[in-house]
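Okay, so here's the structure we're looking at.
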Amino acid sequence: MVYDRLVTTYTQEITDNAIDLCNIYLDADKVEEFLNNGTQNDEYDELREDMKYICEISGLKYMYIFVPFQNDKGEYTYKYFITVASDDEEDKIVKAERNLGMVSDDICTEQEMKVFRGELENCCYIFSNQYGEVYTWVQPFKNDNGEITSLICADFDNTSIRDSISMNSLIWLIIMTIIILTLLVLLLVYLTKSVFIPIEKISQRMSVYDPDKLFCSDEIKSSREIKEIAVSFEKMSLDMSKYIENIRNMTEEQARSAAELDTARKIQSGIVPERSEINEKLFTAKGYAKSSKEVGGDFYDCFRSGSRIYLIIGDVSGKGIAAALFWL
């Protein structure tokens, strides 16, 4: 369907231009006069040369003018006025076979008769004969009174039509390919600038996180979706920085607490003997202190004073450095 439409549009435009040129050099009354006289004179030869020139420059294979002629059987055949061919050798052949007043045995088609009767403005069809396969356009040839006196036909070589359409299609295909490639390049540039580069920047910052260099979403110039990812990553960076800062503060606090506890433990170990032992004949007293935490509120001591031996035990309620400081 597309091919037929292309052929119709392509050939009709050429046919219209060619027939308009023919109207400049001859008119329908002159055609009728030549057919009635049947004389090929210098004027006829000159008209034929003009028509052949039009056929050549229009890219047609044949051009001819005829009148439907009714034979003895009541059938309408072709009575030719002028027949020309763009090729010189073929022109000699058709000039001899279809000269002025020559009647053909070929029967006019129903479409051609409708055009001749004024029922159709024009018609077209594919026709095959001894001269090859042609695509034919038929249009009426009218006199000054608007009466149809003959038909003028333009034949296109089907092979040349296909080649022309194929060439035009190839040109359009190349143009469309260039346009599509250009659009693809522009799309690639847009995607690279708006998507790929921003995502690569975000990916690089994610792979090497630096808490001292916070990510800023203003660095990313992209579409709304990529921008939302950048804003989310910025928020995550801020949260991680705060989390790391909290951990750092907690670590420092724990280090300070550990140092203080170590100091308290040393103080407590200086007050409470690590081990104490008194040996007597009747008994032996030994003491040992170990806090449940680093430091605590449990204390003891044992010592001799004169003939007496004293054992001291202290227990502060609670554990840890508070209990130890309370005892102190």
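First residue of the sequence shown: 130, per this note's numbering; consecutive thereafter.
For each residue, glycine too, the CB sits at the ideal point set by N, CA and C.
Here's the rule: buried if 16 or more other CB atoms are within 10 angstroms of the residue's CB, otherwise exposed. What is Asp286?
buried
Three-pair Cβ contact test at 8 Å for the stretch 213-227 versus the stretch 187-201
They touch, by the three-pair rule.
From what residue to what residue does the alpha helix (DSSP H) around Val160 run?
157-166
Report yes if the CB atom of Thr140 is closer than 7 Å to the CB atom of Trp266, and no otherwise.
yes
Tyr319 classed as buried or exposed, judged by whether at least 16 other C-beta atoms fall within 10 angstroms:
It counts as exposed.
So, Gly247 versus Gly167, is the Cβ gap smaller than 7 Å?
no
Buried or exposed (CB count within 10 angstroms, at least 16 for buried), Arg437:
exposed
Taking the alpha-carbon positions, what's the Lys202 to Ser233 distance?
14 Å
Going by DSSP, what residues sit across from Gly433 in a beta bridge?
Reading the sequence as shown, one finds Arg at residue 433 and not Gly. For Arg433, which the question treats as bridged, DSSP gives the partners Ile438.
Cβ neighbours of Arg227 in the same chain (closer than 6 Å, five flanking residues each side left out):
Closer than 6 Å at the Cβ level, and outside the excluded window around Arg227, lie Tyr209, Thr212.
Give the straight-line distance between the Cα atoms of Glu250 and Lys271, rounded to the nearest whole angstrom.
Glu250 and Lys271 have their C-alpha atoms spaced approximately 12 Å apart.
Taking buried to mean at least 16 other C-beta atoms within 10 Å of its own C-beta, is Asp235 buried or exposed?
exposed
Quick one: using the 10 Å Cβ neighbour count with 16 as the cut-off for buried, is Lys415 buried or exposed?
exposed
Proximal residues to Asp158 (C-beta, below 8 Å), its chain only, five neighbours per side dropped
Excluding positions up to five away in sequence, the list reads Asn272, Asp273, Thr278.
Quick check: what's the CA-CA separation for Thr311 versus Ser361?
Each residue's alpha carbon lies about 35 Å from the other.
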